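Student:
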Amino acid sequence: MTALGFCDVRVSYDGNEAVQGFNDLLHSGEWLCLIGPNGAGKSSVLRAAAGLVQYTGSIAIDQREIPATSARWRAQHIAYVPQSPLIPHDMNVRDYVLLGRNPYVRHFSWETKHDRKVMSEVLERLDLASFAQRPLGTLSGGELQRLVIARALAQEAPVLLLDEPTSALDIGHQQQALELVDSLRREQGLTVVSAMHDLTLAGMYADRLVLMHQGARVAEGSAKEVLQPNILSEFYGVSARVHHEEDGTVVVIPQRTTTR
Amino acid sequence: MMTSATQPSARHNRYWFALSGLLLLVAMIVGTMIGPAGPAWWRIPLEFLNRLPFVRIDSGVSSAEWNLVWLIRTPRVVLAAIVGSMLSVSGASYQGVFRNPLVDPYLLGVAAGAGLGATLVFAFQRGATENWIIDPLPLAAFSGALIAVLVTYVVGTAFGTTQSSTTLILAGVAVTSLATSIQAFILQRNTDVVRQVYSWILGRLSSATWGDVRLVLPYVVLSTGVLLMHRRLLDVLRVGDDEASALGTNVRRVRLVVVLAATLGTSAVVAVSGLIGFVGIIVPHAVRLLAGASYRVVLPLSVLLGAAFLVFADIPSRVLANPAETPIGVVTAFFGAPFFLYLLRTRNTAK
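Chains A and B supply the protein sequences, listed in that same order.
Using the numbering used here, the first residue of the first sequence is number 1, and each one after it goes up by one.
Using the numbering used here, the first residue of the second sequence is number 1, and each one after it goes up by one.
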């Protein structure tokens, strides 16, 4: 069953097409990773799906097109984690996660018992319950990343969009964050679209990679199919070595070109 | 509306609400008791009790003295409370929608617009308007303030291609400069009214009447009501326009409604009290330092504490330079600033 569908999605900024007709169909529980150099249009695809930029074409959830006018409906079905979330340092963890219930709370109404229950469950699930009362300013980078994912989970949306979820994290927290997303999609059937720069990690976790360049899709497939030295050199301008591990992991290592 | 289901630290907040309410009550009682003339201070609360139904106390206040208390002091105290609460809650709301702690309710041109409106009235024969049925001064100040903010909003949103609020703030700066320059030009040509305009700009509650209270009350009630209804959404805006949108909030609409409501209320109180500075910044921040930064708490507490603050500030304004009035804007800054610094210091070291 198709969980998320893009049909000829185009995004323009001041007449420049940042996304030139993006098409894709994702099945429920699939993890699609958008890769490509800076400015390739990865973030724009995510921002279009999150309703943050104007686009033409259509994006559909469970074969139902997202109505352009209903931000609430969209937020009930798509949770978006930006690359660098704005963290209000004096807000506490509970209140922050509770913001994820915003799409379900009527305009001038308040969170219900059910909303609080969902919030508590998410805190438990992500091991955040012990610092429920802590202000965000006291959390570390890894904890904050988990917290932002917690807020997205509180939205109870079937689709999760992650823009560079690991770019600000050390290698251990990168692994933790991605393992978390991976287990969530396996347990809850979350459909995930992420944009990532770390090609090795992208290939390890995603079911499918889509390589974008100047707003267009230029390659797609498994890590093995997309992460090839000639493709990477053509679109990233990088000379890289690609290792294939025994377990199927594809490792991309940039190569030093000056002599040692 | 503040039930335990909506507020994580409800008990803590109830404590602050009770304390602020009590403080406001004390402020208002003390406010009616002190003044340069009139009956002995301790007789006044007794007389108020006496005026309540089914209570008979001989307070020894003559009816002339009562008239002074009821027709001059009481409306002044009530107006101070209304103005203080309105400026504080508007300031808190502006800080919320612009996510900028330095913003006050005069940001988008309210002050300059009202100042220009008032200057026009003073310059064009203030003396001749004394027999008019409606005093044109508050009307001109109110219209000037509203027009200035509307111009700011139309210009700011027309030129701003993104959802960013920076364009709006810059448009406010431009409109403020424009209105101020026109005002300066008019004052240059009518130097005889400079003193009157200056005194108006510093703000005053001395001429408050029950008529003033009746004039502003509908606007203030409407505006405060709308702002309080938005207090949960102001918390959502704290994560930024993009994330608030992705969470299903129509950020532009919330910002528009909050700005309009805050402007309407601010313009109304500015029209009767002039430009009382500092309240709109200091009170919301004091509330944040005391009770936390969530707008669910900041907005209602700003209403209560803003009212109490201005009622207290008005007392020295009456008696300091007796028989002259000290402008209330001077008092708010003079007493407010050190208190604020004290809070800032103790709270930051406590953390």
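Don't be surprised by glycine CBs; every beta carbon is placed ideally from N, CA and C.
Treat the numbers as computed from the prediction; the structure is a model and nothing was measured.
1. Relative to chain A, which residues along the stretch 247–258 of chain B have a C-beta separation below 8 Å, given in chain order?
2. Note down, in chain order, each residue of its chain lying with its Cβ closer than 8 Å to the Cβ of A202(A), except the 5 sequence neighbours on either side.
3. Just curious, the alpha helix (DSSP H) that Y96(A) is in, first and last residue?
4. Starting from the Cα of T191(A), find the closest Cα among V45(A), V11(A), T56(A) and H77(A) and give me that residue.
5. Using a Cβ-Cβ cut-off of less than 9 Å, give me the residues of the stretch 5–35 of chain A that come near chain B, in sequence order.
6. Measure the alpha-carbon distance for A240(A) versus A132(A) and round it to whole angstroms.
7. For T56(A), does the three-state DSSP call read helix, strand or coil?
8. Taking 7 Å as the threshold (C-beta atoms), are L147(A) and A50(A) in contact?
9. Just the Cα atoms here: how many angstroms apart are W70(B) and Y219(B)?
10. Any C-beta of chain A sitting closer than 7 Å to the C-beta of G240(B)?
11. Am I right that A308(B) and L24(B) are in contact with their C-beta atoms under 8 Å? What's the rounded C-beta distance?
12. In whole angstroms, what is the alpha-carbon distance linking L107(B) and V173(B)?
13. Using the Cα positions of T152(B) and S181(B), report the straight-line distance between them to the nearest angstrom.
14. P158(A) and A177(A) look like a contact to me (Cβ under 8 Å); what is the Cβ gap, rounded to whole Å?
15. Tell me the rounded alpha-carbon separation between F335(B) and S20(B).
16. Can you give, in chain order, each stretch of the alpha helix (DSSP H) that sits fully within the stretch 242–309 of chain B and has at least 4 residues?
17. At least one CB of chain A closer than 7 Å to the CB of A18(B): is that the case?
18. Excluding the five sequence neighbours on either side, which residues of its own chain have a C-beta within less than 8 Å of the C-beta of H27(A), listed in chain order?
19. If you draw a straight line from the alpha carbon of E220(A) to that of H89(A), how long is it in whole angstroms?
20. Quick one: using the 10 Å Cβ neighbour count with 16 as the cut-off for buried, is M198(B) buried or exposed?
21. Would DSSP call T191(B) helix, strand or coil?
22. Which parts of the stretch 112–181 of chain A are runs of the beta strand (DSSP E), unbroken and 3 residues or longer, counting only runs that do not cross its ends?
23. Step through the CB atoms of chain A and report whether any lies within less than 7 Å of the CB of V236(B).
24. For a cutoff of 7 Å on Cβ pairs, would you count S245(B) as touching chain A?
25. Checking contacts by CB at 7 Å: is A262(B) closer than that to chain A?
26. On the three-state DSSP scale, how would you describe E234(A)?
27. For the alpha helix (DSSP H) containing Y94(B), list its first residue and its last residue.
28. Leaving aside the five residues before and after A48(A) along the sequence, list all residues of the same chain whose C-beta is less than 6 Å from its C-beta, in chain order.
29. Can you look up W31(A) in the DSSP assignment and give me helix, strand or coil?
30. Which of the three DSSP states is assigned to D212(B) in this structure?
31. Note down, in chain order, every chain A residue with its Cβ under 7 Å from the Cβ of G14(B).
Tutor: Based on what the coordinates show:
1. From the stretch 247–258 of chain B, only L247, G248, T249 and N250 have a Cβ closer than 8 Å to chain A.
2. Position 202 of the first sequence, counting from 1, holds the residue named residue 202(A). Answer for A202(A): C33, I35, S194, M196, L209 and A223, listed in chain order.
3. Stepping through the first sequence from its first residue, residue 96(A) is reached at position 96. Taken as a continuous stretch (DSSP letters only), the alpha helix (DSSP H) holding Y96(A) covers V93 to L98.
4. Translated into the one-based positions of the first sequence, residue 191(A) becomes position 191. Nearest to T191(A) by alpha-carbon distance, out of V45(A), V11(A), T56(A) and H77(A), is H77(A).
5. Flagged, chain order: D14.
6. The count along the first sequence starts at 1 and reaches residue 240(A) at position 240. The count along the first sequence starts at 1 and reaches residue 132(A) at position 132. Each residue's alpha carbon lies about 44 Å from the other.
7. Translated into the one-based positions of the first sequence, residue 56(A) becomes position 56. In this structure, T56(A) counts as strand in the three-state DSSP scheme.
8. Within the first sequence, numbered from 1, the residue matching residue 50(A) stands at position 50. Within the first sequence, numbered from 1, the residue matching residue 147(A) stands at position 147. Contact: no.
9. Working through the second sequence from its first residue, we reach residue 70(B) at position 70. Working through the second sequence from its first residue, we reach residue 219(B) at position 219. Near 23 Å, if we compare the C-alpha coordinates of Y219(B) and W70(B).
10. One-based indexing of the second sequence puts residue 240(B) at position 240. At least one CB of chain A lies nearer than 7 Å to the CB of G240(B).
11. Translated into the one-based positions of the second sequence, residue 308(B) becomes position 308. Translated into the one-based positions of the second sequence, residue 24(B) becomes position 24. Between L24(B) and A308(B) the Cβ distance is about 4 Å, and since that is below 8 Å, they are a contact.
12. On the second sequence, residue 107(B) is found 107 positions in, with the first residue counted as 1. On the second sequence, residue 173(B) is found 173 positions in, with the first residue counted as 1. The alpha-carbon atoms of L107(B) and V173(B) are separated by roughly 8 Å.
13. For the purposes of this step, residue 152(B) is taken as residue 152 along the second sequence, with counting starting at 1. For the purposes of this step, residue 181(B) is taken as residue 181 along the second sequence, with counting starting at 1. Those two C-alpha atoms are separated by around 16 Å.
14. Counting from 1 along the first sequence, the entry for residue 158(A) is found at position 158. Counting from 1 along the first sequence, the entry for residue 177(A) is found at position 177. Separation of the CB atoms of P158(A) and A177(A) is rounded to 20 Å, and the pair is thereby denied contact status at 8 Å.
15. Translated into the one-based positions of the second sequence, residue 335(B) becomes position 335. Translated into the one-based positions of the second sequence, residue 20(B) becomes position 20. If you draw a straight line from the Cα of F335(B) to the Cα of S20(B), it is about 19 Å long.
16. Here the runs fully enclosed are 251–273 and 279–291.
17. Locating residue 18(B) in the second sequence gives position 18, where the first residue counts as 1. Interface criterion not met: the Cβ of A18(B) is under 7 Å from no Cβ in chain A.
18. Position 27 of the first sequence holds residue 27(A). These residues qualify, in order along the chain: M1, T2, A3 and T191.
19. Stepping through the first sequence from its first residue, residue 220(A) is reached at position 220. Stepping through the first sequence from its first residue, residue 89(A) is reached at position 89. A straight line joining the alpha-carbon of E220(A) with that of H89(A) spans about 40 Å.
20. As a working mapping, residue 198(B) is identified with position 198 in the second sequence. The displayed chain sequence assigns Tyr, not Met, to residue 198(B). Label assigned to Y198(B): exposed.
21. Residue 191(B) sits at position 191 when you count from the first residue of the second sequence. In this structure, T191(B) counts as helix in the three-state DSSP scheme.
22. Here the runs fully enclosed are 159–163.
23. Within the second sequence, the letter at position 236 stands for residue 236(B). So, interface residue.
24. As a working mapping, residue 245(B) is identified with position 245 in the second sequence. So yes, S245(B) belongs to the interface.
25. As a first step, residue 262(B) must be located in the second sequence, where it is residue number 262. Using a Cβ-Cβ cut-off of 7 Å, A262(B) does not count as an interface residue toward chain A, since no Cβ of chain A sits closer than that to its own.
26. If you number the first sequence from 1, residue 234(A) lands on position 234. Helix.
27. Here residue 94(B) refers to the residue found at position 94 when the second sequence is read from its first residue. Unbroken alpha helix (DSSP H) run through Y94(B): T74 to F98.
28. Counted from its first residue, the first sequence places residue 48(A) at position 48. Contacts found: V9, V11 and Y55.
29. Residue mapping note: residue 31(A) aligns to position 31 of the first sequence, counting from 1. In the three-state DSSP reduction, W31(A) falls in the strand class (E or B).
30. Along the second sequence, read from residue 1 onward, the residue named residue 212(B) stands at position 212. Annotated three-state conformation of D212(B) is helix, per DSSP.
31. Residue numbering aside, residue 14(B) sits at position 14 when the second sequence is read from its first letter. What sits at residue 14(B) in the sequence shown is Arg, not Gly. By Cβ distance, chain A contributes nothing, its closest Cβ being about 16 Å from R14(B), past 7 Å.
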